[in-house]
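So the working numbering is basically just the index in the sequence shown, starting at one, shifted up by 5. Glycine included, each C-beta is placed from N, C-alpha and C at the ideal position.
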Amino acid sequence: MAVEAMELYSLRQTVFDILKTLAGQATYKGLDLTLDVAPEIPDVLTGDSLHIRQVITNLVGNAIKFTEIGYVALNINAVSLDPDNVTLQFCVRNSSIRGIAQDKSNLTLDTLCQADGSTTWGDMESKLGKDSELYFTIKSQINQKQSLHETLLKLSPVTKQTILLVDTMHDDTGIEECLSELGLVPVVVHDISEVSDKEKCPHIDTIIVDSLSITECLREHEHLRYIPVALLAPVLPPLNVKWCLENGISAYNTTPITAFDLYYVLLPSALGTNTVNPASAAAEVTYDILLAEDNLVFQRLAFMERVLHQKPFHVIIMDVWMPLMGGIEVTQRIREYEAQYHLASPNYRLDGARPEWRPGAVSPGWNGRYYPTSNAAG
């Protein structure tokens, strides 16, 4: 997969954010969703992060759909690494009592392989009753470090924020020096007991921890319970995304770390890039939208008829790839029901990639296609 839209992005934060948006689906099905990025991979790269988001969202999302029990894992390893470039292999694995049937895996690949003409894929290895594995590689440039001055300008709105560094390992990671270099105020402790007294604890904006276990200890104290946490450690196990959400992990990386890389770790908490300002949303117009994704209720026509009978919808967005009853069949049934009761709802096909237009693509009864991106406004 060749990368074309060149921009700086944090690899770990990008994939971590994607999996956090998919964690609810995995939890609903009782699946473990894990992330493992090899520690030797540089974090800040130059590449097309939007396209990577689209591809991973669809690969992991489809793996969750077709997995009945067990786990879905995203593993990222370096195939080759030099001072200027890195070739990454992204591997989506899922454990299932039935695997992904060959016809379903072909649908997954057919949808994604047309994302752009330069995309090349590895393979999908899947057999009924066995684990499934789908992988692809990208070659990306390693960021040649923008100046610290540029980084400080971006952080200027939050300089002087207080960062609690819980250094239980007493190792020389350089995090305290990096925080000072970024204009932030580090408060270093080696044990949670040092900040367990609410009256004596200073105001804390973000907490940096060096182990998973210490995060759980933090959350036992009410005054530390809801402060964003960044996880920085020399070695990390595969992260369980659900656990990270439950414990307020906003970002993570491996140490040692530079001030530039630490800037990207602190972005979600310090600058609030993971939050939405309600005032920024237009409130004058509201729409009723039926989103028909992979959900058991949408596999029953009776439920469809009940929903459509109770209230009209301005728009229906239909997921094409669903394991038991696909979007084509569901749309056909909806159109038959609407014809019977003289109803009409715009129905759009939800596609994970943007394939070339083909005759008959807007069918059966679809009004068009919707291509999701990381920007909801798109």
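**OP:** Using three-state DSSP, classify residue 230 as helix, strand or coil.
**Re:** Working through the sequence shown from its first residue, we reach residue 230 at position 225. Correct three-state label for residue 230: coil.
Original post:
Is it true that the CB of residue 172 sits closer than 8 Å to the CB of residue 190?
Top reply: For the purposes of this step, residue 190 is taken as residue 185 along the sequence shown, with counting starting at 1. For the purposes of this step, residue 172 is taken as residue 167 along the sequence shown, with counting starting at 1. Their beta carbons are not under 8 Å apart, which means residue 190 does not touch residue 172 by this criterion.
Original post:
What is the DSSP secondary structure of residue 283, counted as helix, strand or coil?
Top reply: Reading the sequence shown from its first residue, position 278 is the one you call residue 283. With a pLDDT of only 35 at residue 283, under 50, the local geometry of the prediction cannot be trusted, and the value read off the model is given with reservation. Helix, per DSSP.
Original post:
Given that a residue counts as buried once 16 or more other Cβ atoms are within 10 Å of its Cβ, and exposed if not, what is residue 16?
Top reply: Numbered from its first residue, the sequence shown carries residue 16 at position 11. Residue 16 is buried by the Cβ-count criterion.
Original post:
Distance, Cα to Cα, residue 176 vs residue 224?
Top reply: Within the sequence shown, numbered from 1, the residue matching residue 176 stands at position 171. Within the sequence shown, numbered from 1, the residue matching residue 224 stands at position 219. Straight-line Cα distance between these residues: approximately 23 Å.
**OP:** Could you spell out the range, first to last residue, of the alpha helix (DSSP H) harbouring residue 204?
**Re:** For the purposes of this step, residue 204 is taken as the residue at position 199 of the sequence shown. Here residue 204 belongs to no alpha helix (DSSP H), and DSSP marks it neither H nor E.
Original post:
Based on Cα-Cα distance, which residue from 239, 248, 243 and 244 lies nearest to residue 221?
Top reply: Within the sequence shown, residue 221 is the residue found at index 216, counting from 1. The option with the nearest alpha carbon to residue 221 is 248.
Original post:
Does the distance from the C-beta atom of residue 61 to that of residue 23 stay below 8 Å?
Top reply: For the purposes of this step, residue 61 is taken as residue 56 along the sequence shown, with counting starting at 1. For the purposes of this step, residue 23 is taken as residue 18 along the sequence shown, with counting starting at 1. A contact, by the Cβ cut-off of 8 Å.
**OP:** Ignore the nearest five residues each way along the sequence and tell me which others in residue 207's own chain have a CB closer than 7 Å to its CB.
**Re:** For this step, residue 207 is matched to residue 202 along the sequence shown. Within the same chain, residue 207 has close Cβ partners 167 and 192.
**OP:** Report all residues from its chain with a CB closer than 7 Å to the CB of residue 230; omit the five preceding and five following residues, and keep chain order.
**Re:** For the purposes of this step, residue 230 is taken as residue 225 along the sequence shown, with counting starting at 1. Excluding residues within five positions, the ones whose Cβ falls inside 7 Å are 224.
Original post:
Any heavy atom of the ligand SAM within a distance shorter than 7 Å of the CB on residue 148?
Top reply: With respect to the ligand SAM, the structure shown offers nothing to examine, as it has no ligands at all.
**OP:** Since I believe residue 237 is in contact with residue 180 (beta carbons under 8 Å), could you give me their beta-carbon distance rounded to a whole number of angstroms?
**Re:** Numbered from its first residue, the sequence shown carries residue 180 at position 175. Numbered from its first residue, the sequence shown carries residue 237 at position 232. Contact flag correct, Cβ pair sits at about 6 Å.
Subject >> Whole-angstrom distance between residue 199 and residue 185, CA atom to CA atom >> reply: Translated into the one-based positions of the sequence shown, residue 185 becomes position 180. Translated into the one-based positions of the sequence shown, residue 199 becomes position 194. Near 21 Å, if we compare the C-alpha coordinates of residue 199 and residue 185.
Original post:
In three-state DSSP terms, what is residue 49?
Top reply: Along the sequence shown, one-based indexing puts residue 49 at 44. Residue 49: strand per DSSP, three-state reduction.
**OP:** Could you please give the first and the last residue of the uninterrupted alpha helix (DSSP H) stretch that includes residue 26?
**Re:** As a first step, residue 26 is located in the sequence shown; it is residue number 21 there, counting from the start. Residues 16 to 33.
**OP:** Figure out for me which residue from 182, 87, 174 and 31 has the closest Cα to the Cα of residue 45.
**Re:** Indexing the sequence shown from 1 puts residue 45 at position 40. Checked all of 182, 87, 174 and 31; the closest Cα to residue 45 is 87.
Original post:
Skipping 5 residues on each side, what residues in its chain have a beta carbon closer than 7 Å to that of residue 226?
Top reply: Residue mapping note: residue 226 aligns to position 221 of the sequence shown, counting from 1. Counting only Cβ-Cβ distances below 7 Å, and skipping sequence neighbours, we find 201.
Subject >> CB-CB length for residue 92 against residue 57, believed under 8 Å >> reply: In the sequence shown, the residue the question calls residue 92 occupies position 87. In the sequence shown, the residue the question calls residue 57 occupies position 52. At roughly 14 Å, the Cβ-Cβ gap does not stay under 8 Å, so residue 92 and residue 57 are not in contact.
**OP:** Determine the closest residue to residue 39 out of 14, 178, 70 and 99, with distance taken between C-alpha atoms.
**Re:** Taking the first residue of the sequence shown as position 1, residue 39 is located at position 34. Closest option to residue 39, Cα to Cα, is 99.
Original post:
Per DSSP, residue 389 forms a beta bridge with which residues?
Top reply: One cannot answer for residue 389 here, as it falls past the ends of the chain, which runs 6 to 383.
Original post:
residue 33: buried (16+ other C-beta within 10 angstroms of its C-beta) or exposed?
Top reply: For the purposes of this step, residue 33 is identified with residue 28 of the sequence shown, where counting begins at 1. Label assigned to residue 33: exposed.
Original post:
Should residue 267 go down as buried or exposed, given a rule of 16 or more other Cβ atoms within 10 Å for buried?
Top reply: As a position in the sequence shown, residue 267 is number 262, starting the count at 1. So residue 267 ends up on the buried side.
Subject >> Exposure label - residue 164; buried when at least 16 CB within 10 Å >> reply: Residue numbering aside, residue 164 sits at position 159 when the sequence shown is read from its first letter. Its Cβ having fewer than 16 others within 10 Å, residue 164 is exposed.
Subject >> Own chain partners of residue 84 with C-beta closer than 8 Å, once the 5 adjacent residues on each side are dropped >> reply: For the purposes of this step, residue 84 is taken as residue 79 along the sequence shown, with counting starting at 1. Excluding residues within five positions, the ones whose Cβ falls inside 8 Å are 92, 93, 94 and 142.
Subject >> Separation of residue 272 from residue 158, as counted between CA atoms >> reply: In the sequence shown, residue 158 corresponds to position 153, counting from 1. In the sequence shown, residue 272 corresponds to position 267, counting from 1. Near 13 Å, if we compare the C-alpha coordinates of residue 272 and residue 158.
Original post:
So, residue 234 versus residue 255, is the Cβ gap smaller than 8 Å?
Top reply: In the sequence shown, counting from the first residue as 1, residue 234 sits at position 229. In the sequence shown, counting from the first residue as 1, residue 255 sits at position 250. It is a contact, given that the beta carbons lie within the stated cut-off.
Original post:
In the DSSP assignment, what residue or residues form a beta bridge with residue 83?
Top reply: Locating residue 83 in the sequence shown gives position 78, counting from the first residue. Answer is 93, bridged to residue 83.
Subject >> Per-residue burial, residue 28 [other beta carbons within 10 Å of its own, 16 or more giving buried] >> reply: Start at 1 with the first residue of the sequence shown, and residue 28 comes out as number 23. The residue is buried, with at least 16 neighbouring Cβ atoms inside 10 Å.
Original post:
Within this structure, are the beta carbons of residue 36 and residue 75 separated by less than 8 Å?
Top reply: The sequence position of residue 36 within the sequence shown is 31, counting from 1. The sequence position of residue 75 within the sequence shown is 70, counting from 1. Closer than 8 Å, so yes.
Original post:
Is residue 387 helix, strand or coil when you go by DSSP?
Top reply: Nothing about residue 387 can be read from this structure; the chain reaches only from 6 to 383.
Subject >> Expected contact under 8 Å - CB spacing of residue 31 and residue 97 to nearest Å >> reply: Taking the first residue of the sequence shown as 1, we reach residue 31 at position 26. Taking the first residue of the sequence shown as 1, we reach residue 97 at position 92. With a Cβ gap of about 12 Å, residue 31 and residue 97 do not count as contacting.
Subject >> Neighbourhood of residue 260 by C-beta distance below 6 Å, restricted to the same chain and skipping five residues each side >> reply: Counting from one through the sequence shown, the residue named residue 260 turns up at place 255. So the qualifying residues of the chain are 178, 237 and 239.
**OP:** Give a yes or no on whether the C-beta atoms belonging to residue 146 and residue 263 are separated by under 8 Å.
**Re:** One-based indexing of the sequence shown puts residue 146 at position 141. One-based indexing of the sequence shown puts residue 263 at position 258. Cβ atoms of residue 146 and residue 263: not closer than 8 Å.
Original post:
From residue 174 to residue 217, what does the alpha carbon distance come to, in whole angstroms?
Top reply: Counted from its first residue, the sequence shown places residue 174 at position 169. Counted from its first residue, the sequence shown places residue 217 at position 212. Cα to Cα, the separation comes out at about 12 Å.
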